[in-house]
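Participant: This is the structure I have questions about; it appears just below.
Numbering (full-length UniProt numbering), first residue to last: 1 to 107.
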């Protein structure tokens, strides 16, 4: 009975959550650039597809290097192994108050 009480539910991440992780872990992307890319492209997957061109056209001296899928998968596996999870800005359990902050934190 106690085991059931304290066991974490199975966690399954959708593609967008994995893409959010990949985007925020990418070289030369901080919180402000992350938010700008999401606002510009609408979702993390499209932002990933366009980020290298965005950095060159935007005049950045360093090109954005996207965090690779295999490293993201390893991170997700580690989260599952430790019964933890990522709560992104688009998750139902993400704080509505945090979404109202002008300078939204992306992670």
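For every residue, glycine included, the Cβ atom is placed at its ideal position computed from N, Cα and C.
This structure is a prediction, so every number in the text was calculated from the model and none was measured.
1) Is residue 14 helix, strand or coil by DSSP?
2) Which of the three DSSP states is assigned to residue 85 in this structure?
3) Report the residue from 65, 50, 94 and 69 whose alpha carbon sits nearest the alpha carbon of residue 15.
4) Any idea what DSSP makes of residue 62, helix, strand or coil?
5) Would residue 45 and residue 28 qualify as a contact pair, given that the criterion is a beta-carbon distance under 7 Å?
6) Run the CB neighbour count on residue 78, radius 10 Å, all protein chains shown included, and call it buried at 16 or more, exposed below.
7) I'd like to check one pair, residue 47 with residue 21: are the Cβ atoms closer than 7 Å?
Facilitator: So, to answer that:
1) Mapped onto the chain shown, residue 14 falls at position 14. Three-state result, residue 14: coil.
2) Along the chain shown, read from residue 1 onward, the residue named residue 85 stands at position 85. In the structure shown, residue 85 sits in coil (DSSP, three-state: anything other than H, G, I, E or B).
3) Counting from one through the chain shown, the residue named residue 15 turns up at place 15. Checked all of 65, 50, 94 and 69; the closest Cα to residue 15 is 69.
4) The residue you call residue 62 lines up with position 62 of the chain shown. Residue state, collapsed to three classes: coil.
5) Position 45 of the chain shown, counted from the start, is the residue given in the question as residue 45. Position 28 of the chain shown, counted from the start, is the residue given in the question as residue 28. Not closer than 7 Å, so no.
6) Within the chain shown, residue 78 is the residue found at index 78, counting from 1. Per the 10 Å Cβ criterion, exposed.
7) For the purposes of this step, residue 21 is taken as the residue at position 21 of the chain shown. For the purposes of this step, residue 47 is taken as the residue at position 47 of the chain shown. No; because the gap between Cβ atoms is not below 7 Å, this pair is not in contact.
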